[in-house]
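S.K.: Structure below; questions to follow.
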């Protein structure tokens with residue numbers, strides 16, 4: 137596999153960690169230990185996405201920033217490790233630029249279209265982007281069954297399977313936004329092909 141000089145996967149996880157720490161600091165008077173378990177916080181309120189903030193206040197930047205907000209410890213660990221597992225694999229095969237495109241396009245698509253189903257929801261977290269990576273990889277697996285044997289030997293494979301299944305039991309809204317991210321990534325599969333040379 138080729139080495140990626142500036143791996144977006146690790147940079148994104150570092151940003152998630154920084155946002156997590158800053159959110160704990162600025163939300164200290166609101167019960168930081170409660171936030172670490174249940175989520176929320178002032179930074180999440182400022183960077184998360186809702187119908188009002190996007191479509192009424194036109195704070196369109198939130199369609200990107202919400203994907204870097206993980207406030208509870210379990211949320212940060214679950215999403216961070218899932219993205220590390222699948223993101224590294226994809227980044228070595230499609231390059232940093234295309235991974236950036238897939239990641240952020242899925243955040244925008246899922247973050248906007250979720251309000252067709254849940255107009256009163258308030259969302260944050262990287263899971264729609266992670267599911268878009270799963271969607272792209274699934275498209276490849278459907279077209280090339282041999283790729284399955286290669287991917288299941290990768291570090292984090294079992295975790296990704298468990299994450300894919302059990303993260304959808306967090307509620308119907310989570311299932312819908314995950315599906316929107318997955319569908320975006322799957323559609324990308326019609327245009328983005330695995331770089332075989334990068335796997336050598």
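In the working numbering, the protein residues as written are 137 to 336.
Think of the CB as a built atom: it goes at the ideal place given N, C-alpha and C, for glycine as much as any other residue.
Identify the continuous alpha helix (DSSP H) that holds residue 267 and give its terminal residues.
M.R.: 263–279
S.K.: In terms of alpha-carbon separation, which member of 148, 258, 194, 226 lies closest to residue 177?
M.R.: Relative to the Cα of residue 177, the nearest Cα in the group 148, 258, 194, 226 belongs to 258.
S.K.: In three-state DSSP terms, what is residue 257?
M.R.: The three-state reading of DSSP puts residue 257 in coil, since its state is none of H, G, I, E or B.
S.K.: What residue does the alpha helix (DSSP H) around residue 307 start on, and which one ends it?
M.R.: No alpha helix (DSSP H) holds residue 307; DSSP gives it neither H nor E.
S.K.: Could you tell me which of 291, 183, 216, 215 sits nearest to residue 202, measuring between CA atoms?
M.R.: Cα-wise, what sits closest to residue 202 is 183.
S.K.: Applying the criterion that 16 or more other CB atoms from any shown protein chain within 10 Å of the CB defines a buried residue, is residue 192 buried or exposed?
M.R.: If you draw a 10 Å sphere on the C-beta of residue 192, you find fewer than 16 other C-beta atoms in it, and that means exposed.
S.K.: What are the partner residues of residue 186, as DSSP defines its beta bridges?
M.R.: For residue 186, which the question treats as bridged, DSSP gives the partners 258.
S.K.: So what's residue 242 in DSSP terms, helix, strand or just coil?
M.R.: The answer is helix: DSSP assigns residue 242 an H, G or I state.
S.K.: Alpha carbon to alpha carbon, what distance is there between residue 243 and residue 329?
M.R.: 21 Å
S.K.: Ordered along the chain, which non-local residues of its own chain (more than five positions away) have a Cβ less than 7 Å from that of residue 274?
M.R.: The residues are 322.
S.K.: Is it true that the segment 274–290 meets the segment 311–327, where meeting means three or more beta-carbon pairs spaced less than 8 Å apart?
M.R.: With the cut-off at 8 Å, the segment 274–290 and the segment 311–327 touch.
S.K.: Tell me, to the nearest whole angstrom, how far the beta carbon of residue 215 is from that of residue 261; I am working on the premise that it is less than 8 Å.
M.R.: 6 Å
S.K.: Please work out which residues of its chain come closer than 8 Å, Cβ to Cβ, to residue 151, disregarding the five sequence neighbours upstream and downstream, and give them in chain order.
M.R.: 204
S.K.: What whole-angstrom Cβ distance do residue 318 and residue 263 have, given they're in contact under 8 Å?
M.R.: No, residue 318 and residue 263 are not in contact; Cβ-Cβ is about 10 Å, not under 8 Å.
S.K.: Assign residue 154 to one of two classes, buried (16 or more other C-beta atoms within 10 Å of its C-beta) or exposed (fewer than that).
M.R.: exposed
S.K.: Give the range of the alpha helix (DSSP H) segment to which residue 153 is assigned.
M.R.: 144–162
S.K.: In its own chain, which residues sit with a C-beta less than 7 Å from the C-beta of residue 195, not counting the 5 before and 5 after it?
M.R.: Answer for residue 195: 189, listed in chain order.
S.K.: Shortest alpha-carbon distance to residue 249 belongs to which of 186, 170, 158?
M.R.: 186
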